[in-house]
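To start, the structure under review is shown below, and the notes come after it.
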């Protein structure tokens, strides 16, 4: 999370705090929309970096989801999933090493991200889209996901809606409530408003947050897992990835230093570790 507040951010937070006191219902609706609205990065310019792939669209809840695919359809499929506020091209560095190892690769823009359609989205949508993609392409052998995209794989496996033999979780968050509290502090939300926001989001998706937390579902997952997390990650603290690795039976934890939350996706050693894990027999 950012460490300092800009003047526009301070102004927005003051208005938010005032609204929470004077118009609690309005503030609750605003908080829910704010929490479910990702920053838009990527777009057409980033999609051009994937021009060598076979592009296609799938539909999820009336929204078109952009996908890109490389390699032979006869090869085992590895799905790449970016995280909150990201886009498919962020996972580009994994593509050629996986192709060279004999896999086909698929990446996609999450709903309301990149060039995929939508304005609001959340972790349940991430999990449903991953399920849809695995089903649409006849299943997948392995999965590599970043941040919230990594958490989605745990939910999919927990509900048995899709199956992966191997999963690589890069910078995975372990709990949503902790993140929502950091989010609330950043936007000067009182705890009562944060709880109301959580309740509204649970009602929207028909699921309690406890059922979405990766640390809670991990003990019952059986897929082989590799967790990679950086000690200097300020967005998702390293201890969350360590918790996921601890609770996920047989999972391995690889710790990096100095890469943070984003540059970890471009590090040669991280990519080599992920591909070696996927390709290990």
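Numbering (our numbering), first residue to last: 88 to 368. Built from N, CA and C at the ideal position, the CB exists for glycine as well. A quick note: this is a predicted structure, and the numbers were derived from the prediction, not measured.
(message) For residue 245, tell me which candidate among 223, 289, 275 and 302 has the shortest Cα-Cα distance.
(response) Nearest to residue 245 by alpha-carbon distance, out of 223, 289, 275 and 302, is 302.
(message) Considering just the uninterrupted stretch of the alpha helix (DSSP H) at residue 223, what are its terminal residues?
(response) It spans 210 to 223 - the alpha helix (DSSP H) in which residue 223 sits, taken as one unbroken run.
(message) Checking the sheet assignment: what are the DSSP bridge partners for residue 143?
(response) Looking at the DSSP output, residue 143 bridges to 154.
(request) Grab me the residues of residue 196's own chain with a C-beta within less than 6 angstroms of its C-beta, minus the 5 sequence neighbours each way, in chain order. (result) 153, 174, 175, 202 and 203, listed in sequence order.
(message) Going by C-alpha to C-alpha distance, which of 194, 283 and 317 sits closest to residue 258?
(response) Residue 317 is the option with its Cα nearest to residue 258.
(request) Could you spell out where the beta strand (DSSP E) holding residue 195 opens and where it closes? (result) Counting along the chain, the beta strand (DSSP E) containing residue 195 begins and ends at 191 to 195.
(request) With DSSP collapsed to three states, give me the class of residue 120. (result) The answer is helix: DSSP assigns residue 120 an H, G or I state.
(request) Have a look at residue 170 and residue 146 and give me their C-alpha separation to the nearest angstrom. (result) Their Cα atoms are separated by approximately 19 angstroms.
(message) With distance defined between alpha-carbon atoms, name the residue in 299, 279, 333 and 231 nearest to residue 352.
(response) Restricting attention to 299, 279, 333 and 231, the CA atom closest to the CA of residue 352 is found in 231.
(message) If you reduce the DSSP assignment to three classes, tell me which class residue 253 lands in.
(response) Strand at residue 253.
(message) Less than 8 angstroms between the C-beta atoms of residue 193 and residue 224, yes or no?
(response) Contact: yes.
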